[in-house]
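Novice: Here it is, the structure, as structure tokens.
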Amino acid sequence: MRKLIIAFFSCLSITVQAQTDSTKWLRAFPVTDYMVALNDSVKVVQLEMPDGLVLKEKQLGLIYGVYNGSREEAVQKGYGKCHLIKGTYYYFS
Numbered sequence: 345m346r347k348l349i350i351a352f353f354s355c356l357s358i359t360v361q362a363q364t365d366s367t368k369w370l371r372a373f374p375v376t377d378y379m380v381a382l383n384d385s386v387k388v389v390q391l392e393m394p395d396g397l398v399l400k401e402k403q404l405g406l407i408y409g410v411y412n413g414s415r416e417e418a419v420q421k422g423y424g425k426c427h428l429i430k431g432t433y434y435y436f437s
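The sequence shown begins at 345 in the working numbering and counts up by one.
Listed below in structure tokens is the structure:
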């Protein structure tokens, strides 16, 4: 009887699995050359999104540097929310 209970629970643990949420994946997108300084520490940056990918207005975005041989370059540079959407262009401040 004891072996039957152990076999039952081992089968139960195999069949019960959580599903991954693919809507919250982190993705990387390049920033275009359009950057406008609003004041000393705030800038407006523009993203051009590929076809089929959309972001919501007021969605948070993080800006990281690109790794080019040094860990100091690949740190977080800033963050902001999407304030304007014009076609395939998204504007973050």
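For glycine and all other residues, C-beta sits at the position ideal for the given N, C-alpha and C.
Ala440 by DSSP, collapsed to three states: which one?
Specialist: Lying outside 345 to 437, the shown extent of the chain, residue 440 is not represented and no answer is given.
Novice: Quick one: what does DSSP say Thr376 is sitting in, helix, strand or coil?
Specialist: Here Thr376 sits in strand by DSSP.
Novice: Considering Cα atoms alone, identify which of Lys387, Phe373, Ile407 is closest to Asp395.
Specialist: Cα-wise, what sits closest to Asp395 is Phe373.
Novice: Rounded to whole angstroms, what's the CA-CA distance from Met379 to Met393? Just pull it up for me.
Specialist: Taking the straight line from one Cα to the other gives about 16 Å.
Novice: Under 7 Å between C-beta atoms, does Glu392 make it to chain D?
Specialist: Note that chain D does not occur in the displayed structure, where there is just one protein chain.
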